[in-house]
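Have a look at the structure below, then the notes.
2 protein chains.
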Amino acid sequence: MKKYIQVIEKCSLFSGISREEILEMSGCLKITVVKVAKNQTIIAEGDPVKYMGVVLSGSVRVIREDYYGNRTIVAEMGPAELFAETAAAAGAVKMPVSVTASQDSEIMLMDCRKAIYSCCNGCIFHNRLIANLLQAVAEKNMLLNQKMEIISKRTTREKLMAYLLYEAKKKNSGEFVIPYSRQELADYLGVDRSAMSAEIARMRKDGLIESKKSRFKLLEHL
Amino acid sequence: MKKYIQVIEKCSLFSGISREEILEMSGCLKITVVKVAKNQTIIAEGDPVKYMGVVLSGSVRVIREDYYGNRTIVAEMGPAELFAETAAAAGAVKMPVSVTASQDSEIMLMDCRKAIYSCCNGCIFHNRLIANLLQAVAEKNMLLNQKMEIISKRTTREKLMAYLLYEAKKKNSGEFVIPYSRQELADYLGVDRSAMSAEIARMRKDGLIESKKSRFKLLEHL
DNA sequence: TAAAGTATGTTGTAAATCCAACAAAACGGA
DNA sequence: TCCGTTTTGTTGGATTTACAACATACTTTA
């Protein structure tokens, strides 16, 4: 496990915990390292929730399957990224998704019960681990909330305005640069790119905003 | 505080912790009870994140304000419900929302740093508290993920199918009863009710589903 | 700098959605 | 049962969006 410590310490789960402390905890967390071949399944949907994982090398895909068996990729994670932590933290019984290797990979698995419930071994940094996990899940939650609020709007214009108002608020200024390309923004808002471009042009014409590429300026409204 | 213990113990944050233990923890969590009048602000947006709250009586509203100052109600919580826990758990510096009383209310506030980071007082049940918090946030996360996947679909039909497939999977059967009225379902999916009703009729005609009121049956597809 | 590639803007048409208004059905007391 | 209320289904017209196709602008690199 020592050879992977450089990757492991980058994982948000272990932030604020030193290499030595991580190694000390490894027994307590029942950490195992497994090598998986491309396309091999690491955790299958419906499996009991036993493990939380960290990608050490390679990459994994989180996959969801619907009633008819159609598969969709939910996420792809690379080195130092954590997976299956939400199901583990929610105390779910069965995994709602599968995790498979998208390349030959090395994966660190840990016992999620051990990780979530404080052990009695006087393992001081365990508390920090749980706090890190809580923070990771809560941050994801805030991002989801924010996105949900935006894409719940019915029209493209409303979605755009909700997004731009959010950015303006974050930057505390009516003038700001957004971190997305047009295509990325369209994907984020769940709309068609060209239709969105057209809507931006209309909003400009209607005097709602000024914009040039990724620079936007909100104008007064009544 | 004792007089509120019946409400407090119902709060998910304290599940698995006895009344006596809650009372023991109260000093550690710096719990205070405040009475607030209707429309009074309990936590203002931009305030430093110091408190997590539980409604003891009455009700509170979580309010978000956009760049222009337009207010929208994000949520309304009643007795035994927790608020401001996500910002606290995410380690946010400033509150992203305001919380105000929608009636004359009694509110329990606790120091969120104390709640989230294990104290050194050998307070055994503190760990349980953190585990409860983690679980609450993670469960919310899973619900949001699920909803996000559904409302990210572009068309009404796709949204409906995504939702119905999800229900079918949960019930492990192609035939099931949904827990929403038409209006509720439309709100959940973020579409117009009447348009949705029409779409359901079309899906029935196209041989995708059978349905009668809230009972649905998925048919074979190619 | 030229050329190729990528990102963005524009437009017309077909399709989907919203909205409003109303019809039909289901429901809940009196 | 009858009546009023609520929910659900249906329809047509106005609006909005997606999609495709293409024009323009910007980047990269040979």
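Keeping their order, the protein sequence lines are chains A and B.
For the first sequence, my numbering begins at 1 and goes up steadily by one.
For the second sequence, my numbering begins at 1001 and goes up steadily by one.
All C-beta atoms, glycine included, are put in the ideal place defined by N, C-alpha and C.
Predicted model only: the values in this text are computed from it and were never measured.
Under 9 Å (Cβ pairs) to chain A, residues found in the segment 1137-1157 of chain B:
V1137, A1138, E1139, K1140, N1141, M1142, L1144, N1145, Q1146, K1147, M1148, E1149, I1151, S1152, K1153 and R1154
If we count the other Cβ atoms within 10 Å of its Cβ and call it buried at 16 or more, is Q135/A buried or exposed?
Classification for Q135/A: buried.
Going by other Cβ atoms of all chains shown within 10 Å of its Cβ, with 16 needed for buried, is R1061/B buried or exposed?
buried
Buried or exposed: where does I31/A fall if 16 or more other Cβ atoms within 10 Å of its Cβ makes it buried?
buried
Between I1200/B and P1079/B, what straight-line distance do the alpha-carbon atoms span, to the nearest angstrom?
38 Å
Check distances from the C-beta atoms of the segment 1007-1032 of chain B to those of chain A and list, in chain order, the residues that come in under 9 Å.
Residues passing the 9 Å Cβ filter: none.
DSSP state of G27/A mapped onto helix, strand, coil
helix
Where does K94/A sit, in a helix, a strand or coil, going by DSSP?
strand
Beta-carbon spacing of I1017/B, L1160/B below 8 Å
no
Taking only the alpha-carbon atoms, compute the straight-line gap between R202/A and A186/A and give it to the nearest angstrom.
16 Å
Do the segment 1072-1087 of chain B and the segment 187-194 of chain A meet, that is, are 3 or more Cβ pairs less than 8 Å apart?
No: fewer than three Cβ pairs fall under 8 Å.
First and last residue of the alpha helix (DSSP H) that includes Y1163/B?
T1156 to K1171
Tell me T1086/B's beta-bridge partners as DSSP assigns them.
According to DSSP, T1086/B bridges with nothing at all.
Contact criterion: CB-CB distance below 8 Å. Does L1133/B meet it with respect to chain A?
yes
Could you name the residues that DSSP lists as bridge partners for A101/A?
V60/A
Give me, in chain order, the residues of the same chain whose beta-carbon lies closer than 8 Å to that of K1114/B; leave out the 5 immediate sequence neighbours on both sides.
C1028, L1029 and K1030
State the Cα-Cα distance for the pair L1222/B and A1168/B, rounded to the nearest angstrom.
For L1222/B, the predicted model reports a pLDDT of 49, less than 50, meaning its position is unreliable and no value from the coordinates is stated.
Have a look at V1074/B and L143/A and give me their C-alpha separation to the nearest angstrom.
15 Å
Against chain A, with Cβ distances strictly below 8 Å, would Y1004/B count as a contact?
By this cut-off, Y1004/B is not an interface position.
With distances taken Cα to Cα, identify the nearest neighbour of P1096/B among L1109/B, D1104/B and T1072/B.
T1072/B
Taking DSSP as the reference, what is the three-state secondary structure of D307/A?
Outside the displayed span of chain A (1 to 222) sits residue 307/A, for which this structure offers no information.
Taking buried to mean at least 16 other C-beta atoms within 10 Å of its own C-beta, is S173/A buried or exposed?
exposed
Could you list the residues in the segment 91-123 of chain A with a C-beta less than 8 Å from some C-beta on chain B, going in chain order?
G91, A92, P96, I116, Y117 and S118
Taking Cβ-Cβ distances shorter than 9 Å, what residues in chain A pair up with M1190/B?
Reading off the sequence shown, one finds Gly at residue 1190/B, where the question assumed Met. Correct list: I151, S152, K153 and R154.
Excluding the 5 residues preceding and the 5 following S197/A in the sequence, name in chain order all residues of the same chain whose CB lies nearer than 8 Å to its CB.
R182
So, helix, strand or coil for M1052/B, using DSSP?
strand
Against chain B, with Cβ distances strictly below 8 Å, would I178/A count as a contact?
no
Considering only the beta carbon of each residue, do M110/A and Y51/A sit closer than 8 Å?
yes
Please report the residue range of the alpha helix (DSSP H) in which E1081/B lies.
Neither: E1081/B is in no alpha helix (DSSP H) and is coded neither H nor E.
Whose C-alpha, out of A1037/B, S1057/B, Y1067/B and V1034/B, is nearest the C-alpha of G1046/B?
Each of A1037/B, S1057/B, Y1067/B and V1034/B was checked against the Cα of G1046/B, and the nearest Cα belongs to Y1067/B.
Residue from S1026/B, I1063/B and V1049/B with nearest C-alpha to Q1040/B:
I1063/B
What is the DSSP secondary structure of I73/A, reduced to helix, strand or coil?
strand
Applying a beta-carbon distance threshold of less than 7 Å, which residues of chain A neighbour L1129/B?
Simply none; closest approach about 11 Å.
Just checking my contact of L1013/B with N1132/B at CB under 8 Å: how many whole Å lie between their CB atoms?
5 Å
Please name the residues in the segment 65-91 of chain A whose beta-carbon is closer than 9 Å to at least one beta-carbon of chain B, in chain order.
E65, D66, Y67, Y68, N70, T72, V74, E85, T86, A87, A88, A89, A90 and G91
Thinking C-beta only, is D1104/B closer than 8 Å to G1053/B?
no
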